[in-house]
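**Student:** Mapped onto my numbering, the consecutive letters of the sequence shown carry residue numbers 22 to 301.
Where is the CB? At the ideal position from N, CA and C, for every residue including glycine.
Take this structure, written in structure tokens, and hold onto it; I'll ask about it next.
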Amino acid sequence: MDARKTAEAHLEAWQAGDAAAVAACAGTYADPDCPGPLAGEALAAHAAATLARFRNLSFEVDRVTGDGDAAAVSWRLSADHREAYLGMPAAGGTVTVSGLDLVTAGPDGVHVQRVFDRLALAEALGYTARFVPAADATREFGVSARAATGRTERPGALVLTWLEIRDDAESAEVDLLSVEIVKSLRASRGFLGVTTFDVGGRKFTLSAFDRPESLRAVHARPHQRAMRRFFKGGLCTRVHTSVWYPATVRDYARCPGCAQVVAAGSACGCGWTPDDASTL
């Protein structure tokens, strides 16, 4: 079996969007998104999932080397990002990434090892990579985001929610819904800011409002749409929501000029007050 011809046929199957043909071209296949070498139905399923995420694949072959038992193909791929990938919501635009297929042929069949840089792919989708430690016996780790409004008054009410998610695709859908909710809240006069953080299989949101009466802003249409997705659309496995009122609030800040620690409502020796800086 000619490895070079097989490598070319394998790329053609991907470009044609034919998951069955991809599986038929290789005895085993592996890439950075695989848990290990795949074959048969498992490979066809992996190819189908990849082709759903990245559609209209177009490979530009840079170089083909080797022949007979082994061949290497370096390529440049362009595709439309249409479904969530590694927790990143569908960008809708075209992404480009370079990679390499190493094809070996032997008595036990054809093996394809695909190599590409997932960090470069994430950056092409508009994301900056961040690394977190693996969970240990006592802690899980995650990522966070903050959307501030510039208002500095003390919160009169906090809303805490968290959702348990099943997988990356569900995580991406929740992220998109969260963006719409935050956009609607920013239009509310009583909204002060929000922090979101993902830890393990949970997504948390902590929103601050100037007073309890402003909480009605939470029930805007984007939030109602998200709740319908949970109660009637099967989104997530569990949701928690709660409202918290501050019993005590203490704000301190260090003056950027004299380095004195100053309590909110007071001023340091040079006249600076914590109110001069955003606290949310």
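What residue does the alpha helix (DSSP H) around residue 153 start on, and which one ends it?
**Tutor:** Numbered from 1 along the sequence shown, position 132 holds the residue referred to as residue 153. Where residue 153 is concerned, there is no enclosing alpha helix (DSSP H), given that its DSSP letter is neither H nor E.
**Student:** Can you tell which of 242, 61, 277, 173 has the C-alpha that lies nearest to the C-alpha of residue 14?
**Tutor:** No information on residue 14 is available, as it lies outside the stretch 22 to 301 that the chain covers here.
**Student:** Spell out a yes or no on whether the region 143 to 151 and the region 229 to 237 are touching, meaning 3 or more CB-CB pairs, one atom from each, closer than 8 angstroms.
**Tutor:** No, they do not touch.
**Student:** Just confirm the distance between the C-beta atoms of residue 92 and residue 131, as a whole number of angstroms; I'd bet it's less than 8 angstroms.
**Tutor:** Your numbering for residue 92 matches position 71 in the sequence shown. Your numbering for residue 131 matches position 110 in the sequence shown. In fact, because the Cβ distance is near 10 angstroms, the residues do not count as touching under 8 angstroms.
**Student:** What did DSSP end up calling residue 62 once you bin it into helix, strand or coil?
**Tutor:** Within the sequence shown, the letter at position 41 stands for residue 62. Three-state DSSP puts residue 62 in a helix.
**Student:** Determine the burial state of residue 110: buried for a count of at least 16 other Cβ atoms within 10 Å of its Cβ, exposed for fewer.
**Tutor:** As a first step, residue 110 must be located in the sequence shown, where it is residue number 89. Looking at its Cβ environment, which holds 16 or more other Cβ atoms inside 10 Å, residue 110 is buried.
**Student:** Output needed for residue 223: all residues of its chain with C-beta closer than 8 angstroms, excluding positions within five of it in sequence on either side, in chain order.
**Tutor:** Start at 1 with the first residue of the sequence shown, and residue 223 comes out as number 202. Cβ neighbours of residue 223 beyond the five flanking positions: 183, 184, 185, 186.
**Student:** Could you tell me which residues DSSP puts in a beta bridge with residue 96?
**Tutor:** Position 75 of the sequence shown, counting from 1, holds the residue named residue 96. According to DSSP, which records beta bridges pairwise, residue 96 is partnered with 82, 120.
**Student:** Between the C-alpha atoms of residue 79 and residue 152, what's the straight-line distance to the nearest angstrom?
**Tutor:** Counting from 1 along the sequence shown, the entry for residue 79 is found at position 58. Counting from 1 along the sequence shown, the entry for residue 152 is found at position 131. Roughly 31 angstroms separates the two Cα atoms.
**Student:** Residue 108 and residue 196 - do their beta-carbons sit closer together than 9 angstroms?
**Tutor:** Against the sequence shown, residue 196 aligns to sequence position 175. Against the sequence shown, residue 108 aligns to sequence position 87. Yes.
**Student:** Where does residue 269 fall in DSSP's three states?
**Tutor:** Locating residue 269 in the sequence shown gives position 248, where the first residue counts as 1. Looking at residue 269 - three-state DSSP - the assignment turns out to be coil, as it is neither helix nor strand.
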